[in-house]
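Here numbering that gives the first Met the number 0 is used: position 32 in the sequence shown is 31, and no number is missing along the way. From the three backbone atoms N, C-alpha and C, an ideal C-beta is built for every residue, glycine too. Notes follow the structure.
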Amino acid sequence: MPKLRHPVHGVYAIWFEQHQRQQTVLLLTDEYTPYDTTCTFDVESHAFSNIHPTK
């Protein structure tokens, strides 16, 4: 899980796109309350990037 100011308890949604290395995920955190926190997850390197609030 990425290190944010608020704890990240896990992933609660994935927009899975078959055969794509980059997947969009929603994180279970209060980082951007009242918005959800979304980011990109690399399924090969297991890296999180582009962390931002949803709108």
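| query | For the beta strand (DSSP E) that contains LEU26, what are its first and last residues? | reply | 21-26
| message | I need the straight-line Cα distance from LEU25 to ARG4, nearest angstrom please. | response | 16 Å
| VAL10 in three-state terms, based on DSSP | strand
| task | Can you tell me which of SER48, TYR31, GLU30, PRO1 puts its alpha carbon nearest to the alpha carbon of GLN22? | result | SER48
| message | Helix, strand or coil for PRO52? Go by DSSP, reduced to three states. | response | strand
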